[in-house]
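Q: Residue numbers (UniProt numbering): 4 to 267.
Provided herewith is a single structure, encoded as structure tokens, for subsequent inquiry.
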Ligand code: NAD
């Protein structure tokens with residue numbers, strides 16, 4: 004992959020720590036020669052993101068909370084000043100109240116439904132609007148989704164509904180921006196133990212279930228997702244847009260429990 008991203012610059016949103024999927028993507032892109040900018044959400048994460056950015060020689064593009072449009076404007080204005088244009092954008096952002104990532108979907112509150120949809124779905128469109136202005140020469144945008152968009156997964160609840168809407172957004176954005184040679188894709192990642200995932204009920208059970216029942220009989224790593232992202236964000240993916248690419252050790256093709264799966 005060395006040199007695959009030479010001369011390309013872009014923004015990665017969603018690094019919280021070194022377990023974040025966004026961090027796996029940042030490492031893969033940096034190893035391939037990309038120049039990166041990272042945002043962080045709030046002061047607590049600033050302390051974690053700054054040293055990680057330094058490891059990759061990445062630009063710290065500042066605080067960005069997708070519920071606060073002024074912070075998004077500040078980040079994209081800063082990038083315009085620094086680089087003039089960008090080649091790619093990674094959106095690895097999602098949130099829902101953890102009290103509703105357990106129990107029944109039917110009990111979802113209106114307030115948490117709106118907040119989940121705003122942070123986890125609309126934000127892709129909000130940042131794409133801003134990125135479009137910096138992608139006069141074309142570009143590639145990537146978001147992260149999960150199989151809970153397609154099938155009912157335990158405890159995923161409102162986040163599953165949000166991911167379904169996110170996947171539809173990817174397709175609509177891809178159609179709108181295709182004429183400008185801006186590609187929009189998603190990676191549907193298998194379960195990975197991250198800060199966000201720790202809010203999901205029985206997450207360890209879900210990890211074991213995927214390990215025992217996916218064709219590759221293991222879970223994905225953030226490095227696996229990083230390499231999938233490299234394909235979609237580099238010119239290797241030049242003919243691909245509006246795609247929901249599974250990077251899940253094949254779990255999504257499976258119809259029932261593997262006969263060799265041990266009890267959990
Ligand atoms: P993570 O906790 O490392 O990252 C989530 C990020 O979202 C954090 O950096 C957080 O700061 C950011 N965020 C939340 N609310 C925000 C807001 N209002 N404004 C700006 N940023 C905000 O967890 P992760 O698992 O790496 O999550 C990244 C993406 O991958 C999410 O979209 C998640 O749904 C998706 N995903 C995760 C898994 C998994 O099993 N971990 C599987 C498939 C998809």
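A virtual CB, placed ideally from N, CA and C, is assigned to each residue, including glycine.
What are the start and end residues of the alpha helix (DSSP H) that includes residue 129?
A: Note, residue 129: alpha helix (DSSP H), 126-135.
Q: Spatial neighbours of residue 8 within its chain, please: C-beta separation below 7 Å, excluding the five flanking residues on both sides.
A: Closer than 7 Å at the Cβ level, and outside the excluded window around residue 8, lie 32, 35, 36, 37 and 237.
Q: When every heavy atom of ligand 1 is checked, does at least one fall within less than 6 Å of the C-beta of residue 187?
A: No, the Cβ of residue 187 stays beyond 6 Å of every heavy atom of ligand 1.
Q: For the alpha helix (DSSP H) holding residue 77, just list the boundary residues, first then last.
A: Element bounds for residue 77: 72-86.
Q: By the 10 Å Cβ neighbour count, where 16 or more other Cβ atoms means buried, how is residue 106 classified, buried or exposed?
A: By the neighbour-count rule (16 or more Cβ atoms within 10 Å), residue 106 is not buried but exposed.
Q: With residue 101 and residue 202 assumed to form a contact (beta carbons below 8 Å), what rounded beta-carbon distance in angstroms separates them?
A: With 8 Å as the limit, residue 101 and residue 202 qualify as a contact, their Cβ atoms being about 4 Å apart.
Q: Determine the contact status of residue 145 and residue 235, defining contact as a CB-CB distance below 7 Å.
A: Yes.
Q: Mapping the DSSP letters down to three states, classify residue 170 as helix, strand or coil.
A: Looking at residue 170 - three-state DSSP - the assignment turns out to be helix.
Q: Can you tell me where the beta strand (DSSP E) holding residue 58 begins and where it ends?
A: Residue 58 -> not in any beta strand (DSSP E); alpha helix (DSSP H) instead, spanning 45-59.
Q: Residues in its own chain within less than 6 Å of residue 194 by CB, not counting five upstream and five downstream?
A: These residues qualify, in order along the chain: 209, 210 and 213.
Q: Could you have a look at residue 192 and say whether DSSP puts it in helix, strand or coil?
A: Of the three classes helix, strand and coil, the one that applies to residue 192 here is strand, per DSSP.
Q: Please list, in chain order, all residues of the same chain as residue 242 whose beta carbon is under 6 Å from its beta carbon, the five residues on each side excluded.
A: None.
Q: Does the beta carbon of residue 79 fall short of 6 Å from some heavy atom of ligand 1?
A: No, the Cβ of residue 79 stays beyond 6 Å of every heavy atom of ligand 1.
Q: Quick one: Cα of residue 10 to Cα of residue 77, how far?
A: Cα to Cα, the separation comes out at about 24 Å.
Q: So within the stretch 97-121, which uninterrupted alpha helix (DSSP H) runs reach at least 4 residues, ignoring any that extend past its ends?
A: Listed in chain order, the complete alpha helix (DSSP H) runs (minimum 4 residues) inside the stretch 97-121 are 113-120.
Q: In whole angstroms, what separates the C-alpha of residue 44 from that of residue 262?
A: Their backbone Cα atoms lie some 44 Å apart in a straight line.
Q: Using only the alpha-carbon positions, how far apart do residue 114 and residue 104 sit?
A: Distance between the alpha carbons of residue 114 and residue 104: 14 Å.
Q: Once the 5 residues before and after residue 257 are set aside, which same chain residues still bring their CB inside 8 Å of it?
A: For residue 257, where only same-chain residues beyond five positions count, the Cβ hits under 8 Å are 216, 217 and 218.
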